[in-house]
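Worksheet: the structure to be examined is printed underneath.
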Amino acid sequence: MWFLYGLYGILRKIVWFILKCNYKLKFEGLENIPKESGYIYASNHRSYFDPVWITLPVRTFMSYMAKEELFKKNIFFTLLIRMMGAFPVVRGKGDTAIIDTSIEKLKKRNLIIFPEGTRSYDGKVGKGKTGVALIAAKAQRDVIPVGIVFEGAKLRKGQEVTIKFGKRISASELAVSDEPTPKELKVLKQKIMSAITVLVEGEKENVEVETET
Numbered sequence: 573m574w575f576l577y578g579l580y581g582i583l584r585k586i587v588w589f590i591l592k593c594n595y596k597l598k599f600e601g602l603e604n605i606p607k608e609s610g611y612i613y614a615s616n617h618r619s620y621f622d623p624v625w626i627t628l629p630v631r632t633f634m635s636y637m638a639k640e641e642l643f644k645k646n647i648f649f650t651l652l653i654r655m656m657g658a659f660p661v662v663r664g665k666g667d668t669a670i671i672d673t674s675i676e677k678l679k680k681r682n683l684i685i686f687p688e689g690t691r692s693y694d695g696k697v698g699k700g701k702t703g704v705a706l707i708a709a710k711a712q713r714d715v716i717p718v719g720i721v722f723e724g725a726k727l728r729k730g731q732e733v734t735i736k737f738g739k740r741i742s743a744s745e746l747a748v749s750d751e752p753t754p755k756e757l758k759v760l761k762q763k764i765m766s767a768i769t770v771l772v773e774g775e776k777e778n779v780e781v782e783t784e785t
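Count along the sequence shown from 1, add 572, and you get the number used in my numbering.
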């Protein structure tokens, strides 16, 4: 275990140095990052580097979902992303195994989730899916909203990237049981997406509240 901690720390420093040489990184809300593990970091999705941006200022272990195809590129890349906390997700299959794996990860690590499920090319935050709400409810964990901001559709070398960490949304504030109804999941998801949107787009661009019919 100590070997893994040491290797993880070395990888973080190497990756940080490389990215600082290629992008203008700015971090806001660092005081909102807990010192302990076991938190869900819910973020908008802009680029393949997003899990790395979030990981850099966080001192505890992180895990995040990654599409299965990324684990088939080559053995060295697979080992790297696994060491950085990635675990594979098979698109189009049931969510039960993903939920169980996520909850298990939260017992020892933090978990990064991108509720939108796909990257945004216009910088605006989408409605998101209820998976993040389900995991937060079943695991009864606090959520740290994160906003990743840069101009343009695609990330360019030398570009300024701002990563904003919002105030945590406590499990008690989310106020749902570990067996939430679909309506509760929508409300919970909306609360999380609204917090992310405020970080990315500001108060005036907050997410439109969904209503039941």
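Backbone N, C-alpha and C define an ideal beta-carbon position, used for all residues, glycine too.
Coarse secondary structure for residue i, derived from DSSP in three states
i, result
"A743", "helix"
"E777", "Note on E777: pLDDT 42, under 50, position unreliable in the model; the coordinate value appears next. Correct three-state label for E777: helix."
"I605", "coil"
"F649", "helix"
"L787", "Absent from the model: residue 787. The displayed extent of the chain is 573 to 785, so no value can be given."
"V770", "helix"
"A705", "helix"
"F737", "strand"
"L579", "helix"
"R584", "helix"
"F643", "helix"
"T753", "coil"
"D694", "coil"
"F621", "coil"
"R654", "helix"
"K726", "coil"
Sheet register partners of residue i (DSSP bridge)
i, result
"F659", "M637"
"E732", "K596"
"S615", "V718"
"L683", "I612, S635"
Assigned exposure category for residue i - 16 Cβ within 10 Å defines buried
i, result
"L757", "buried"
"F737", "buried"
"G581", "exposed"
"F649", "exposed"
"I647", "exposed"
Own chain, CB closer than 6 Å to residue i, minus 5 neighbours either side, in chain order
i, result
"G774", "none"
"M637", "V661"
"T627", "M634"
"K763", "none"
"D714", "Y611, R740, S742, A743"
Neighbourhood of residue i by C-beta, 7 Å cutoff - its chain only, sequence neighbours within 5 removed
i, result
"L583", "M655, M656"
Same chain, Cβ closer than 8 Å to residue i, neighbours up to 5 away in sequence not counted
i, result
"K598", "E732, V733, T734, I735"
"L652", "L583"
"K701", "P687, E688, G689, K761"
"V704", "I612, A614, I685, P687, V715, K761, I764"
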